[in-house]
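The sequence shown maps to residues 5 to 401 in our numbering.
Beta carbons are placed, not taken as given, at the ideal position from N, Cα and C, and that holds for glycine.
Notes follow the structure.
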Amino acid sequence: MHGLKTSIGRLSNFFRKVPFPITGVFLTATVLVGGVILHLVGKKFHIRLAFDPLDLDVYIYSARWVLEGGRLYHEVHSEYPLFANIIFATFRYISNWLHPGEYSFYALWIASAWFVYLYVVYRIASDATMLALLAWLAPASIYFALFRFDLYPVVATLVALYAIRRTGYIEGAIWLGVAIALKGYALFLLPAYCVFIACQHDFAAAIKAGVLAVAPMILSLIIVYTFAGWEGMVAPFDFHAVRTLNGESTFDAINYLFGAPVIPNGSGVLWVGRFLQVGSALAAAAMRPRSFEDLVNTFLFAVLGFMSFSVFYSPQFVLWILPLVCFSGSRVMLISGIIFSWLTYLLMPIAFDLHSVQPGLYHAMIVTVALLRIFMMFLAIMGLYRKPLIGRTGLDG
5 MHGLKTSIGR LSNFFRKVPF PITGVFLTAT VLVGGVILHL VGKKFHIRLA FDPLDLDVYI
65 YSARWVLEGG RLYHEVHSEY PLFANIIFAT FRYISNWLHP GEYSFYALWI ASAWFVYLYV
125 VYRIASDATM LALLAWLAPA SIYFALFRFD LYPVVATLVA LYAIRRTGYI EGAIWLGVAI
185 ALKGYALFLL PAYCVFIACQ HDFAAAIKAG VLAVAPMILS LIIVYTFAGW EGMVAPFDFH
245 AVRTLNGEST FDAINYLFGA PVIPNGSGVL WVGRFLQVGS ALAAAAMRPR SFEDLVNTFL
305 FAVLGFMSFS VFYSPQFVLW ILPLVCFSGS RVMLISGIIF SWLTYLLMPI AFDLHSVQPG
365 LYHAMIVTVA LLRIFMMFLA IMGLYRKPLI GRTGLDG
C-alpha cells in the first residue's frame, strides 16, 4: 500500500511539474496508442471501444441549417438549446470549409474536444490530489469527453466552481448560467447556489446571482422566439418532456432487480421522476450550504438526484459529476467517482453493444451504476453532517 501511494504521488508530481505541452504530448500519445488497440479489439467483437459517431451524427444533422438552409426548430429538428446548436453549427461550417463530409466534422470535433479536455486535466492536476485527477483520467471520462457535447457545460461548471472557491460569486453565477444555457441539468444546481449566496451575503445578493444564472437561458429563449415562434422555442422541451423509460434508468434497474416490471412505463413514472428530480434540488437548497465544501456536497446531491430520478438515463451523464467530485473533501466520494467512470465504460459501450447476446451483463451493469449513484447521494449528505470524519483529498483550497 505504501508503494502504491508513493507511485501515485510521483505521478501526481509529474503532472504538476512538467510543462503543459509536454504533458499534452504524453497523454495524446498514450490515448492514441490505447485507442488504436481498443479500436482493433472492438472491431473483432463489434464493440465501439474507441470511437462512437452516433451522437456526432446527431450534431451534424442538428446543424444542417447553417449549410442547407431551413429554420432551426422548424424545418430542422433539434433536441438541443440554441447555444448548443450554435456550437454544432460552428463546427459544421468550419469542417465543411476544410473538407465537406462527416469525417471532417468528426476530426475537428474530436481534436477540439481533446484540446479542451487536456487543458482541464492539466488545470486540475496543478492543484489536485491524484484521486481527483484519476476521476478525469478514467475511461468513461475520456470517452464521453471526446464524443459528447456534455464536455462544454461541464467545463463551464468547473470554471464556475473555481470562481466560487475564490469568492468570485458573481463570476460563478455567470459561468453557471452558461452551463444552464447549454444543458438544462445545471439549472438544478441553482436553488442550492442561491441559498449559499444568501448565507454568505443576503437575500438581495442571492436574487442577483439567480437572475445572472438564468439570464443566458432566457436570452436564448427570446432569440429563438423571434425567429421560430412559440412552437420553435418549446420544441426541445417538448422532445424531452415525452421521453419515457429507456431501459437504463434507476426505475429500470428496480425492474431488473425484481425480474418483473414492478414500475410500469407511462405518465405515472414520468411525474414521479420529475417530482423526485425537483425534490432533490430543493432538498439540496434546504441543507443550507454555508461553506464551499457544503456547496460542493449539495451540488453533488442535486445532480446525482437529477441523474438517478431521470426516466431517460444516459451513460454520458457521468461527465456531469466530474467537476463536482474533484472538489470533494471525501476520499470515499473521490474513489466512488473513479469507480463510477470505470463502471460506466463497462456499461457503455461494452455491455450495451453486447446486450443482444449478453442481456444479463447489461442489466447487471445498469443496476450496479444505479446503486452507486444512490450511494454517492448518501455520501454527499454525510459530507455535510460528518465533516470532522472526512479529510480533504480533492482540489486544494
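Per-residue burial, residue i [other beta carbons within 10 Å of its own, 16 or more giving buried]
i, result
"H367", "buried"
"G401", "For G401, the predicted structure reports a pLDDT of 46, less than 50, and the residue's modelled location is therefore unreliable. A value from the coordinates is still provided. By the 10 Å Cβ count, G401 comes out exposed."
"S224", "buried"
"L36", "exposed"
"Q281", "buried"
"R390", "exposed"
"A355", "buried"
"W101", "exposed"
"F344", "buried"
"Y173", "buried"
"F241", "exposed"
"T171", "exposed"
"M381", "buried"
"P23", "exposed"
"E297", "buried"
"I178", "buried"
"V361", "exposed"
"A33", "exposed"
"A264", "exposed"
"P25", "exposed"
"A208", "exposed"
"R75", "exposed"
N- and C-terminal bounds of the alpha helix (DSSP H) containing residue i
i, result
"G214", "F207 to A245"
"N89", "L86 to L102"
"A177", "Y173 to L186"
"F151", "P143 to F151"
"N259", "T254 to F262"
"F119", "E106 to A129"
"E83", "Where E83 is concerned, there is no enclosing alpha helix (DSSP H), given that its DSSP letter is neither H nor E."
"V158", "L155 to R169"
"V361", "First-last for V361: undefined, no H or E at that position."
"P195", "L194 to Q204"
"V70", "W69 to E72"
Contact check, residue i vs residue j, beta carbons under 8 Å
i, j, result
"N301", "A167", "no"
"A136", "L358", "no"
"V373", "L351", "yes"
"G214", "L194", "yes"
"L180", "A217", "yes"
"L122", "F200", "no"
"V276", "L249", "no"
"M369", "L347", "yes"
"V148", "L323", "According to the sequence displayed, residue 148 carries Phe and not Val. Contact flag set, yes."
"L150", "A183", "no"
"R96", "I64", "yes"
"V246", "M237", "no"
"V125", "L155", "no"
"S253", "V158", "no"
"I267", "F279", "no"
"S99", "N89", "no"
"L53", "P353", "yes"
"A306", "S284", "yes"
"I342", "A144", "no"
"A289", "A196", "yes"
"L60", "Y107", "no"
"Y371", "L261", "The displayed chain sequence assigns Val, not Tyr, to residue 371. The answer is yes: Cβ separation under 8 Å."
"A67", "A93", "yes"
"A202", "A210", "yes"
"W481", "V80", "Here the chain comprises residues numbered 5 to 401, so residue 481 is not present and cannot be evaluated."
Below-8 Å beta-carbon distance, residue i vs any chain C residue
i, result
"I64", "Of the protein chains in the structure, only one exists, and it is not chain C."
Residue i Cβ short of 7 Å to the ligand FMN heavy atom set
i, result
"L86", "As presented, the structure is devoid of all ligands, the ligand FMN included, so that no description of it is given."
Length at least 4, wholly inside the region 270-358: the alpha helix (DSSP H) runs in chain order: 271-290, 296-312, 322-329 and 335-349
The region 326-335 contacting the region 233-249, beta-carbon criterion three pairs below 8 Å: no
Any alpha helix (DSSP H) of 4 or more consecutive residues that is wholly inside the region 15-59: 24-49
Segment contact, 8 Å Cβ cut-off, at least three pairs: the region 324-331 with the region 159-178: yes
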